[in-house]
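Here is the structure we will look at, set down as structure tokens.
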Amino acid sequence: MVDISKNINLLLINIITKKEVLMVCQMHSSGVLTLKIQTMPTDVNLDGNVFGGWIMSQIDIACGIRASQLCKCRVVTKAVTELLFEKPIQVSDLVHIYTQIRKIGKTSVTIYCDVWTCPRNASSDVLQKTCEATVVMVAVDEKGNPKSIRTE
Numbered sequence: 001m002v003d004i005s006k007n008i009n010l011l012l013i014n015i016i017t018k019k020e021v022l023m024v025c026q027m028h029s030s031g032v033l034t035l036k037i038q039t040m041p042t043d044v045n046l047d048g049n050v051f052g053g054w055i056m057s058q059i060d061i062a063c064g065i066r067a068s069q070l071c072k073c074r075v076v077t078k079a080v081t082e083l084l085f086e087k088p089i090q091v092s093d094l095v096h097i098y099t100q101i102r103k104i105g106k107t108s109v110t111i112y113c114d115v116w117t118c119p120r121n122a123s124s125d126v127l128q129k130t131c132e133a134t135v136v137m138v139a140v141d142e143k144g145n146p147k148s149i150r151t152e
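Quick note on numbering: the sequence shown equals residues 1 to 152 in full-length UniProt numbering.
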């Protein structure tokens, strides 16, 4: 005989956790949580701040994920039209990148990113906005040529 009470409790915990994540997303961004990663000692400069280039690469990864999900094909970065660093990110911080589709063109998609961080041992309600960016991704075929976006 299977004890379903354990399964029900796990299901309830999972539902509550998903609601909490959704609430955090709604509180801190109008976008979708696309990437969550912890910074490591190798990601920082001599002052203990995470390199701007590391943050840019995480933004690029998040935008690539979101654009490829939308376009259902390979995508490449065409432009970073805006990148604003508001606060430094420290080693061991948890980085949350939220993305929002701003514009869908014939072959490209413009994505806005919010970067939020919290210290490793803090609760998720202490997220601070640290960076924002606007990135243009282009859908490409197997030869790397731009192709029309199919969003169905």
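Beta carbons are placed, not taken as given, at the ideal position from N, Cα and C, and that holds for glycine. Note that the structure is a prediction, hence the values are computed from the model and not measured.
Pair within 9 angstroms by beta-carbon distance, residue i and residue j
{"i": "Asp114", "j": "Ile97", "result": "yes"}
{"i": "Ile89", "j": "Thr39", "result": "yes"}
{"i": "Ser148", "j": "Thr110", "result": "no"}
{"i": "Lys87", "j": "Thr117", "result": "yes"}
{"i": "Leu83", "j": "Ala133", "result": "yes"}
{"i": "Val135", "j": "Cys63", "result": "yes"}
{"i": "Phe85", "j": "Gly52", "result": "yes"}
{"i": "Cys71", "j": "Arg150", "result": "yes"}
Interface flag, residue i vs chain C, CB-CB below 9 angstroms
{"i": "Glu86", "result": "Within the model displayed, chain C is absent; a lone protein chain is all it includes."}
Expected contact under 8 angstroms - CB spacing of residue i and residue j to nearest Å
{"i": "Cys131", "j": "Ile65", "result": "17 angstroms between Cβ atoms; not a contact."}
{"i": "Thr99", "j": "Met137", "result": "Wrong, their Cβ atoms sit about 10 angstroms apart, outside the cutoff."}
{"i": "Val80", "j": "Val140", "result": "Not confirmed; about 18 angstroms, so no contact."}
Residue burial classification, residue i (beta-carbon count within 10 angstroms, cutoff 16)
{"i": "Gln69", "result": "exposed"}
{"i": "Val95", "result": "buried"}
{"i": "Gly105", "result": "exposed"}
{"i": "Ala67", "result": "buried"}
{"i": "Val50", "result": "buried"}
{"i": "Asn45", "result": "exposed"}
{"i": "Gly144", "result": "exposed"}
{"i": "Asp93", "result": "buried"}
The alpha helix (DSSP H) enclosing residue i, as first and last residue numbers
{"i": "Ala133", "result": "No alpha helix (DSSP H) holds Ala133; the beta strand (DSSP E) holding it covers Gln128 to Ala139."}
{"i": "Cys71", "result": "Gly52 to Cys71"}
The ligand HEM heavy atom lying under 8 angstroms from the CB of residue i
{"i": "Val126", "result": "This structure simply doesn't include the ligand HEM, nor any ligand for that matter."}
Extent of the continuous beta strand (DSSP E) run through residue i
{"i": "Leu83", "result": "Val75 to Phe85"}
{"i": "Arg102", "result": "Leu94 to Ile104"}
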